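Numbering (my numbering), first residue to last: 286 to 900. This report concerns only the one structure given below.
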C-alpha cells in the first residue's frame, strides 16, 4: 500500500501526544460547562433530557427499587429540573412504565454511579438520591474516560494502516473539525460519545482478530456488538465491520464464511446474550419479550430523508460537518490502495445512512448538526485518513496547499459554530438557509433572526397503532366577557397582552376534579397574533404538588411561530400527565408575554385526553 501503510520504524509518539492535547482540550471544555453552576433553569444538569432517560435505570434499581411507577421523580424533578415534561418512559399494557431508552448507556454509567453512591456520597453532605452533584460529576468523568479510550484505540487502529502524521491529522480533524467535539465534551453523557469509543475498540480488535484469530477475541467483539445494541439497538450494524473486514470479492466472502463461521457464530451468540438483558427488562415491565417504547416515532424505510440528513440547513451532515465529505472522497481513493476494506466501510456507511435517514424525526431533536452520525466518525476515520494520505503525496504544491487550507478553514469553522450553538446563535432544531446565512461567521445574532427560523413539523408522526383517545373539553374560552373588544379572532373580543399585562388568566385543574387516571394528556390550543416578531413569549403548562415548585414545566416559545398583525396563527401544545402525579396535584396553564409588543389571544381550548390501549 506504499506510503499508506505505517512503517514499523516510524516514531508513533507524535500522534500519542496529539491525543493527550485533544483530551486536554475536551476536558477543559467539559469542566467549564456553565451547567455545573445549576442556575435553576430546566436542563441545567449533566443528566438532562435524553441523558436523564438513559440514566433512570440506575437510581430505579439501586436506590428506589421502582421501575414501574417512578414515584420518586415527583421529588427529583423540581429539585434538579432535568426535563420539561416527562416523556422518557412509555405506558405499558400492564400499567407499568417502560423506559423509552434501552439499558446500555446505564450499564456504561454503572461503575461510576456505584463509586459515587457507595464510596463518595455517604461521606459528604450531598443527598444520596442519585442526582446530586457527586453523581453527575462521576458520570461525567466516566464519560470522559470513555472519550480517552475511544481516541486511544482509534489512534491504535489508524496506526495499523497509516503513517503516524496521518493518524495525528485525522484525530485533530475528527475532534476539532466535527460535532464529535461537542458530544465528547459538553454533551458527553449522550450515547454518541460512548458508541464512538465502542466502535473504535471494535475496529482495533477486528485488526487483531484477523492477525491472530481466537474464540476469545470473537467473544469480546460479540460482547461489544451486543453492548452497542443495548445502547441503541440500530447500532448492531457495527457487526458489518468485523464480519466483512478484508472482504472485497466473492471468493473472499466464501473464504471468510468457510474458515471463520464458528468465530462469527460465537460473535452472534455473544451479542445476543448481552442484548438479552434488554429482553428480560421488557418482559418484566410489559409482559412481552419485545416492546416498542418510542410511541409515534418510528423508522419508515419507504420515506427516507437522504437529502435532508446530508444537505439541509436544519441538520445537514455536510453543512455542519463538511470535513466528513473528505472521508467520503477517501472511500473512492481506497478502491485503489485499500480495496480489501472498502466493502465493509461502504456497506456500513450505506446501511447507517439508510437507518438514520428513515427515522421520522430525522433531525433528532435538539442538537448541533447530525448527532446521529457522530459514532460513525470512528469508522469514517479510515477513508478520511486515505484522503489525507492522498493529499500528502500530491506533488502539485498548489493543490496540496489549497486542499490543506480548506481543511484548516473547516476545522476553525466547526470550532466557531460549536461556540455559536452554545450561545444560541445556531438554533438547536429550527435553522433555515436564510438563518444560517445571516449568522455565518457572526459573533452575535441579527435582530430578525427568530423570524428566519422554521420549526420542524412534528405533526406527521403516525398515531400509535394500539392506542385511542377519549376527549373531554375542560375549557372553551372566547374572551368575550370583560376582556378586550376589537381584538377577537371570530367574535368581538379577545385577550391582549403587552408589557403592562404580561400574564393571561391562569387555568387551574386539580387532578382529582378530572377523575384522574393514568395515561392522561392535556392539550391546550388557541389562536394568536402579534404586531411584530415577538421573543420571550411562551405558553406554559405545569404540574405542581402541595405548593412546591412545579415538577413538570413545559413551555412553547411563541416567537418561533412568526406571528404578524395581519394573520392569526394556530398554537397547540400537549402535556403528558405522569403516572406518579397524585390526585391532589394541580395542572396550571397560562401564557406569559415578557415582550413589549402586543400579543393577541383568542379561542383558547383545553382538552383532556384519556388514552386507552386497544387489545
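Virtual Cβ for every residue (Gly too), placed ideally from N, Cα, C. Note that the structure is a prediction, hence the values are computed from the model and not measured.
Round the Cβ separation of residue i and residue j to the nearest angstrom and send it over; I've been treating them as touching at under 8 Å.
| i | j | result |
| --- | --- | --- |
| residue 485 | residue 435 | 5 Å |
| residue 823 | residue 843 | 6 Å |
| residue 669 | residue 488 | Residue 669 to residue 488, Cβ: 13 Å. No contact. |
| residue 652 | residue 713 | 6 Å |
| residue 300 | residue 537 | Actually they are not in contact, since the Cβ atoms of residue 300 and residue 537 sit about 30 Å apart, beyond 8 Å. |
| residue 601 | residue 608 | The pair is not a contact, with the Cβ atoms about 13 Å apart (cut-off 8 Å). |
| residue 892 | residue 756 | 5 Å |
| residue 881 | residue 784 | 5 Å |
| residue 386 | residue 309 | Rounded, the Cβ-Cβ distance is 31 Å, inconsistent with contact. |
| residue 525 | residue 375 | With 8 Å as the limit, residue 525 and residue 375 do not qualify as a contact, their Cβ atoms being about 30 Å apart. |
| residue 812 | residue 853 | 5 Å |
| residue 362 | residue 836 | 4 Å |
| residue 586 | residue 639 | 7 Å |
| residue 500 | residue 551 | 6 Å |
| residue 672 | residue 611 | 5 Å |
| residue 498 | residue 533 | About 19 Å; that fails the 8 Å criterion. |
How would you label residue i, buried or exposed, when you count the other beta carbons within 10 angstroms and need 16 or more for buried?
| i | result |
| --- | --- |
| residue 373 | buried |
| residue 451 | buried |
| residue 298 | exposed |
| residue 555 | buried |
| residue 777 | exposed |
| residue 548 | buried |
| residue 720 | buried |
| residue 322 | exposed |
| residue 394 | buried |
| residue 368 | buried |
| residue 705 | buried |
| residue 831 | exposed |
| residue 371 | buried |
| residue 540 | exposed |
| residue 732 | exposed |
| residue 821 | exposed |
| residue 421 | buried |
| residue 578 | buried |
| residue 789 | buried |
| residue 403 | exposed |
| residue 691 | exposed |
I need the straight-line Cα distance from residue i to residue j, nearest angstrom please.
| i | j | result |
| --- | --- | --- |
| residue 557 | residue 519 | 14 Å |
| residue 764 | residue 349 | 46 Å |
| residue 792 | residue 775 | 22 Å |
| residue 424 | residue 658 | 23 Å |
| residue 631 | residue 637 | 10 Å |
| residue 901 | residue 808 | Nothing about residue 901 can be read from this structure; the chain reaches only from 286 to 900. |
| residue 516 | residue 390 | 5 Å |
| residue 826 | residue 839 | 5 Å |
| residue 581 | residue 848 | 29 Å |
| residue 342 | residue 862 | 21 Å |
| residue 810 | residue 366 | 25 Å |
| residue 886 | residue 735 | 20 Å |
| residue 718 | residue 598 | 5 Å |
| residue 288 | residue 674 | Reliability fails at residue 288, whose pLDDT of 43 lies under 50, so the model's placement of it is uncertain and no value is given. |
| residue 883 | residue 857 | 20 Å |
| residue 469 | residue 505 | 24 Å |
| residue 495 | residue 480 | 23 Å |
| residue 475 | residue 770 | 50 Å |
| residue 318 | residue 596 | 30 Å |
| residue 741 | residue 715 | 6 Å |
| residue 798 | residue 889 | 20 Å |
| residue 320 | residue 621 | 48 Å |
| residue 286 | residue 623 | Note that residue 286 scores 41 on pLDDT, short of 50, meaning its location in the model is unreliable and no value can be drawn from it. |
| residue 360 | residue 794 | 21 Å |
| residue 642 | residue 590 | 5 Å |
| residue 815 | residue 780 | 12 Å |
| residue 445 | residue 560 | 30 Å |
| residue 834 | residue 878 | 21 Å |
| residue 455 | residue 324 | 38 Å |
| residue 276 | residue 626 | Because the chain here runs from 286 to 900, residue 276 falls outside it and cannot be looked at. |
In this structure, what does DSSP give as the bridge partners for residue i?
| i | result |
| --- | --- |
| residue 806 | 861, 894 |
| residue 940 | Only positions 286 to 900 of the chain appear in this structure, which leaves residue 940 out of reach. |
| residue 840 | 825 |
| residue 873 | 793, 827 |
| residue 533 | Residue 533 is not bridged to any residue. |
Q) For the 8 Å Cβ check, are there 3 or more pairs between the stretch 560-573 and the stretch 682-694? A) no
Q. Do the stretch 506-513 and the stretch 457-475 make contact, defined as three or more Cβ pairs closer than 8 Å?
A. no
Q: State whether the stretch 861-875 contacts the stretch 351-361, with contact taken as three or more CB pairs (one from each stretch) at a distance under 8 Å.
A: yes
Q.
Would the stretch 469-484 count as touching the stretch 427-447 if we require 3 or more Cβ pairs under 8 Å?
A. yes
(Q) Could you check whether the stretch 642-649 touches the stretch 690-700, counting it as contact only if at least three pairs of C-beta atoms, one from each stretch, sit closer than 8 Å? (A) no
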